[in-house]
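Student: The opening position of the sequence shown corresponds to residue 38 in our numbering, with each subsequent residue numbered one higher.
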Amino acid sequence: MSERKRPKPADYFADWKQREALAEAMIPVVGRLYRERNLKVYVYGRSLAAQSVLDIMKTHRFVRQVEKNELSEFDTWPLVEALGAMDLGTGHVDIGRLTVAYHAGPQAAGLSPAQYLATQLAGLVGSKAKPVTQPRDVVLYGFGRIGRLMARLLIEKAGGGDVLRLRAVVVRRSSSDDLAKRAALLRRDSIHGSFKGTIRVDDERNSFIANGNEVKLIHADAPENIDYTAHGINDAIVIDNTGKWRDEQGLSRHLQSKGVAKVILTAPGKGALKNIVYGVNHDTITESDRIITAASCTTNAIVPALKAIDEQFGIVSGHVETVHAYTNDQNLIDNFHPKNRRGRSAALNMVLTETGAASAIAKVLPSMAGKLTGNAIRVPVPDVSMAILHLTLSRETSVVEVNEFMRWASLHSPLNRQIDYTASPEVVSSDFVGSRSACIHDAQATIVSGNHAILYLWYDNEFGYACQVQRVLEHVAGVHYAVYPAPEAVNWNWPQPS
Numbered sequence: 038m039s040e041r042k043r044p045k046p047a048d049y050f051a052d053w054k055q056r057e058a059l060a061e062a063m064i065p066v067v068g069r070l071y072r073e074r075n076l077k078v079y080v081y082g083r084s085l086a087a088q089s090v091l092d093i094m095k096t097h098r099f100v101r102q103v104e105k106n107e108l109s110e111f112d113t114w115p116l117v118e119a120l121g122a123m124d125l126g127t128g129h130v131d132i133g134r135l136t137v138a139y140h141a142g143p144q145a146a147g148l149s150p151a152q153y154l155a156t157q158l159a160g161l162v163g164s165k166a167k168p169v170t171q172p173r174d175v176v177l178y179g180f181g182r183i184g185r186l187m188a189r190l191l192i193e194k195a196g197g198g199d200v201l202r203l204r205a206v207v208v209r210r211s212s213s214d215d216l217a218k219r220a221a222l223l224r225r226d227s228i229h230g231s232f233k234g235t236i237r238v239d240d241e242r243n244s245f246i247a248n249g250n251e252v253k254l255i256h257a258d259a260p261e262n263i264d265y266t267a268h269g270i271n272d273a274i275v276i277d278n279t280g281k282w283r284d285e286q287g288l289s290r291h292l293q294s295k296g297v298a299k300v301i302l303t304a305p306g307k308g309a310l311k312n313i314v315y316g317v318n319h320d321t322i323t324e325s326d327r328i329i330t331a332a333s334c335t336t337n338a339i340v341p342a343l344k345a346i347d348e349q350f351g352i353v354s355g356h357v358e359t360v361h362a363y364t365n366d367q368n369l370i371d372n373f374h375p376k377n378r379r380g381r382s383a384a385l386n387m388v389l390t391e392t393g394a395a396s397a398i399a400k401v402l403p404s405m406a407g408k409l410t411g412n413a414i415r416v417p418v419p420d421v422s423m424a425i426l427h428l429t430l431s432r433e434t435s436v437v438e439v440n441e442f443m444r445w446a447s448l449h450s451p452l453n454r455q456i457d458y459t460a461s462p463e464v465v466s467s468d469f470v471g472s473r474s475a476c477i478h479d480a481q482a483t484i485v486s487g488n489h490a491i492l493y494l495w496y497d498n499e500f501g502y503a504c505q506v507q508r509v510l511e512h513v514a515g516v517h518y519a520v521y522p523a524p525e526a527v528n529w530n531w532p533q534p535s
């Protein structure tokens, strides 16, 4: 895409206030479209729904930095305003991409924003099509780190309540004020901040209400003992985030419950279970698959980047080193742990430990079988990890070529929702808390010598992973949104810079 630059403003503050006013004007338009029609507005894959004025402005800034195109609120507002006046159905509209395309030709040809959108969104005008035939019930079995983040995502994406509905959370009873304590953990999080919205508890119904979504708290010691239909829950997808069972026999216990249709495990599965990394092999899921596993956070972070690099450069062999945030299976202070070294204090030590990432990668990406080794170091941070990929490639390349390709992949490839990109020389791990991508390529750290390359990938091992699980959930539930502009052909035809 050709670069387009805006002239520098004569008065930076006046320019800021004007753009701030336009971002503020977008909020009610975007909010109404999402609330009334379940139509979500994006700017280069980043949702504008439920965002603040400053969030919207930062999203525009992201496009200027990464896409190298001067996209501003002055450009997008006329199209957002026109979008709000149209009779549109449910879907996802990337107003950022449409705006860039508009300024590249149709505007000069004399088309108004409304006329241009009428041609580009013809399939959405007057559409009554839904992303799913009927609302689908979802149950969270377990309410730990991933469970609570999944709850946040499901509530955030509730829209008009006609797609995926979080109906219940299943836990073991721990105290008389269990409901209040579980709600409090959802309301406040030391890493991810406060819940965006309101949460109250209904003791009589043993449920909490989050942004109007009533979620039942069910106490149970075993999955097969629950009758979900007694709570009005039917044909549900259960997301098991306990990790207690990882094989088909154990996870099948959920299917013995009344009201359960399918199960998703938020951990690597064992045996013949399919390990899914959305964006890479989710198309292998069939209607007959009743148990799906979403692999690990590390596998989800590494595989998209490996897939991209292998497509463009070819991978002969490699070693994967993960520098991983500590998790709640480690000890706060030294104590017994069945695994080597993990009994030592997580908050005081770097802990060298094993990882199953290399073998797990081959399950998702068979072309990597026998090519990779792996190791892991747990470090004293509570969230955001790093994967370091030492790769021997099929051909020689350069730092510039690798970085330009990964930048393109983050914006235009079939894995643009999984791969993000940063070229900042100042970022550190905490800057990526809340990232919705599976991984973020750090361009400043890339090292290349001949056909040997070292890539550094950041990833939010909690929230980034939860977003990948959400994508798997939507796919399993048969949720399919009309997307505009239409996704580019699924290929890796990178328009290499000359």
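We put the CB at the ideal spot given by N, CA and C, even for glycine.
Since the structure is predicted, the reported quantities are computational estimates derived from the model, not experimental observations.
1) Apart from the five residues just before and just after residue 431, which ones in its own chain have a Cβ nearer than 8 Å to its Cβ?
2) Could you check which residue in 414, 178, 220 has the C-alpha nearest to that of residue 257?
3) Using only alpha-carbon positions, find the residue among 409, 137, 416 that is nearest to residue 369.
4) Have a look at residue 91 and residue 60 and give me their C-alpha separation to the nearest angstrom.
5) Just tell me which of 301, 499, 161, 429 has its CA closest to the CA of residue 121.
6) Out of 159, 146, 209, 185, which one is the CA nearest neighbour of residue 227?
7) Where in the region 107-192 do unbroken runs of the beta strand (DSSP E), each at least 3 residues long, occur, reported from the N-terminal end onward?
8) Compute the Euclidean distance between the alpha carbons of residue 57 and residue 94, then round it to the nearest angstrom.
9) In the structure shown, what three-state DSSP assignment does residue 406 receive?
10) Please state the DSSP three-state secondary structure of residue 412.
11) Would the region 106-114 count as touching the region 124-141 if we require 3 or more Cβ pairs under 8 Å?
12) Leaving out the 5 sequence neighbours to the left and right, which residues in its chain are closer than 6 Å to residue 460 when beta-carbon positions are compared?
13) Please report the distance separating the alpha-carbon of residue 264 from that of residue 299.
14) Spell out a yes or no on whether the region 467-485 and the region 498-506 are touching, meaning 3 or more CB-CB pairs, one atom from each, closer than 8 Å.
15) When the Cα atoms are used, what is the spatial distance from residue 55 to residue 147?
16) Closer than 6 Å by C-beta to residue 271: which residues in its own chain qualify, once you throw out the five before and the five after it? Chain order, please.
17) Go ahead and pull the three-state DSSP assignment for residue 400.
18) How should residue 198 be labelled, buried or exposed, when 16 other C-beta atoms within 10 angstroms of its C-beta is the threshold for buried?
19) Enumerate in chain order the residues of its own chain whose CB-to-CB distance from residue 207 is below 6 Å, with the five nearest sequence positions on each side excluded.
20) With burial defined as no fewer than 16 other Cβ atoms inside 10 Å of the residue's Cβ, what is the status of residue 505: buried or exposed?
21) Counting pairs of beta carbons, one from the region 123-138 and one from the region 512-520, are three or more of them closer than 8 Å?
22) Would you mind giving the Cβ-Cβ distance between residue 238 and residue 216, rounded to the nearest angstrom? I have them listed as a contact below 8 Å.
23) With a CB to CB cut of under 7 Å and the five nearest residues on each side skipped, what residues in its chain are close to residue 293?
24) Can you tell me where the alpha helix (DSSP H) with residue 469 in it begins and where it stops?
25) Using the three-state DSSP reduction, which class does residue 99 fall into: helix, strand or coil?
26) Bridge partners for residue 276 per DSSP, in chain order?
27) Could you give the uninterrupted runs of the beta strand (DSSP E) lying entirely in the region 180-256, keeping only those of 3 residues or more?
28) Considering just the uninterrupted stretch of the alpha helix (DSSP H) at residue 266, what are its terminal residues?
29) Let me check understanding here. Comparing Cα to Cα, which of 377, 224, 230 lies closest to residue 246?
30) Our contact map puts residue 310 next to residue 285 with C-beta atoms below 8 Å; I'd like the distance itself, whole angstroms only.
31) Mind checking whether residue 331 and residue 424 have CB atoms under 8 Å apart?
32) In chain order, which beta strand (DSSP E) runs of at least 3 residues are fully inside the region 439-522?
33) Excluding sequence positions up to five away, which residues of its chain have a Cβ less than 8 Å from the Cβ of residue 165?
34) Please work out which residues of its chain come closer than 6 Å, Cβ to Cβ, to residue 462, disregarding the five sequence neighbours upstream and downstream, and give them in chain order.
35) Can you tell me which of 302, 344, 230 puts its alpha carbon nearest to the alpha carbon of residue 318?
36) Would you mind working out which of 342, 68, 420 sits nearest residue 452, comparing C-alpha positions?
Tutor: With the structure as the only source:
1) Within the sequence shown, residue 431 is the residue found at index 394, counting from 1. Excluding its 5 nearest sequence neighbours in each direction, residue 431 has C-beta neighbours in its own chain below 8 Å: 350, 351, 352, 353, 488, listed in chain order.
2) As a working mapping, residue 257 is identified with position 220 in the sequence shown. The candidate whose alpha carbon is nearest that of residue 257 is 178.
3) Within the sequence shown, numbered from 1, the residue matching residue 369 stands at position 332. Answer by Cα proximity: 416.
4) Residue numbering aside, residue 91 sits at position 54 when the sequence shown is read from its first letter. Residue numbering aside, residue 60 sits at position 23 when the sequence shown is read from its first letter. Straight-line spacing of the CA atoms in residue 91 and residue 60 works out to 8 Å.
5) Stepping through the sequence shown from its first residue, residue 121 is reached at position 84. When each option's Cα is compared against that of residue 121, the closest is 161.
6) Locating residue 227 in the sequence shown gives position 190, where the first residue counts as 1. Selected option, being the one with the closest Cα: 185.
7) List check, beta strand (DSSP E) in window: 128-131, 173-178.
8) What you label residue 57 is simply residue 20 of the sequence shown in a count that begins at 1. What you label residue 94 is simply residue 57 of the sequence shown in a count that begins at 1. For residue 57 and residue 94, the gap between their C-alpha atoms comes out near 7 Å.
9) The sequence position of residue 406 within the sequence shown is 369, counting from 1. If DSSP states are grouped into helix, strand and coil, residue 406 belongs with coil.
10) Taking the first residue of the sequence shown as 1, we reach residue 412 at position 375. In the three-state DSSP reduction, residue 412 falls in the strand class (E or B).
11) Output reads yes: the region 124-141 touches the region 106-114.
12) Stepping through the sequence shown from its first residue, residue 460 is reached at position 423. Contacts found: 480.
13) On the sequence shown, position 227 is the one that residue 264 refers to. On the sequence shown, position 262 is the one that residue 299 refers to. Between residue 264 and residue 299, the C-alpha separation is close to 15 Å.
14) In short, these stretches touch, since the Cβ pair count reaches three.
15) Numbered from its first residue, the sequence shown carries residue 55 at position 18. Numbered from its first residue, the sequence shown carries residue 147 at position 110. Going by the C-alpha atoms only, they are around 25 Å apart.
16) In the sequence shown, residue 271 corresponds to position 234, counting from 1. Counting only Cβ-Cβ distances below 6 Å, and skipping sequence neighbours, we find 296.
17) For this step, residue 400 is matched to residue 363 along the sequence shown. Here residue 400 sits in helix by DSSP.
18) Here the question's residue 198 lines up with position 161 in the sequence shown. Around the beta carbon of residue 198, fewer than 16 other beta carbons sit within 10 angstroms, so the residue counts as exposed.
19) Counting from 1 along the sequence shown, the entry for residue 207 is found at position 170. So the qualifying residues of the chain are 178, 255, 257.
20) Here residue 505 corresponds to residue number 468 of the sequence shown, with the count starting at 1. With 16 or more other Cβ atoms within 10 Å, it is buried.
21) These segments touch.
22) On the sequence shown, position 201 is the one that residue 238 refers to. On the sequence shown, position 179 is the one that residue 216 refers to. Right, the Cβ-Cβ distance comes to about 5 Å (below 8 Å), so this counts as a contact.
23) Counting from 1 along the sequence shown, the entry for residue 293 is found at position 256. Excluding sequence neighbours, residue 293 sits near 261.
24) Here residue 469 refers to the residue found at position 432 of the sequence shown. For residue 469, no alpha helix (DSSP H) encloses it, and the DSSP letter there is neither H nor E.
25) On the sequence shown, position 62 is the one that residue 99 refers to. Judged by DSSP in its simplified three-state form, residue 99 adopts helix.
26) Here residue 276 refers to the residue found at position 239 when the sequence shown is read from its first residue. According to DSSP, which records beta bridges pairwise, residue 276 is partnered with 177, 301.
27) With a minimum length of 3 residues, the unbroken runs of beta strand (DSSP E) contained wholly in the region 180-256 fall at 201-208, 236-239, 244-247, 250-256.
28) For this step, residue 266 is matched to residue 229 along the sequence shown. Taken as a continuous stretch (DSSP letters only), residue 266 belongs to no alpha helix (DSSP H), as it is neither H nor E.
29) Within the sequence shown, residue 246 is the residue found at index 209, counting from 1. Per the C-alpha coordinates, the member of 377, 224, 230 positioned closest to residue 246 is 224.
30) Looking up residue 310 in the sequence shown gives position 273. Looking up residue 285 in the sequence shown gives position 248. Contact between residue 310 and residue 285 holds: their C-beta atoms lie close to 6 Å from each other, under 8 Å.
31) Mapped onto the sequence shown, residue 331 falls at position 294. Mapped onto the sequence shown, residue 424 falls at position 387. In this structure, the beta-carbon distance from residue 331 to residue 424 does not fall below 8 Å.
32) The qualifying runs are 456-459, 476-479, 484-486, 489-496.
33) Counting from one through the sequence shown, the residue named residue 165 turns up at place 128. Apart from sequence neighbours up to five positions away, the residues of its chain that approach residue 165 with a beta-carbon distance below 8 Å are 126, ordered along the chain.
34) Walking along the sequence shown from the start, residue 462 turns up at place 425. Scanning its chain for C-beta atoms nearer than 6 Å, with the 5 sequence neighbours on each side dropped, one finds around residue 462 the residues 481, in chain order.
35) In the sequence shown, residue 318 corresponds to position 281, counting from 1. Looking at 302, 344, 230, the one whose alpha-carbon comes closest to that of residue 318 is 344.
36) Position 415 of the sequence shown, counted from the start, is the residue given in the question as residue 452. Per the Cα distances, 342.
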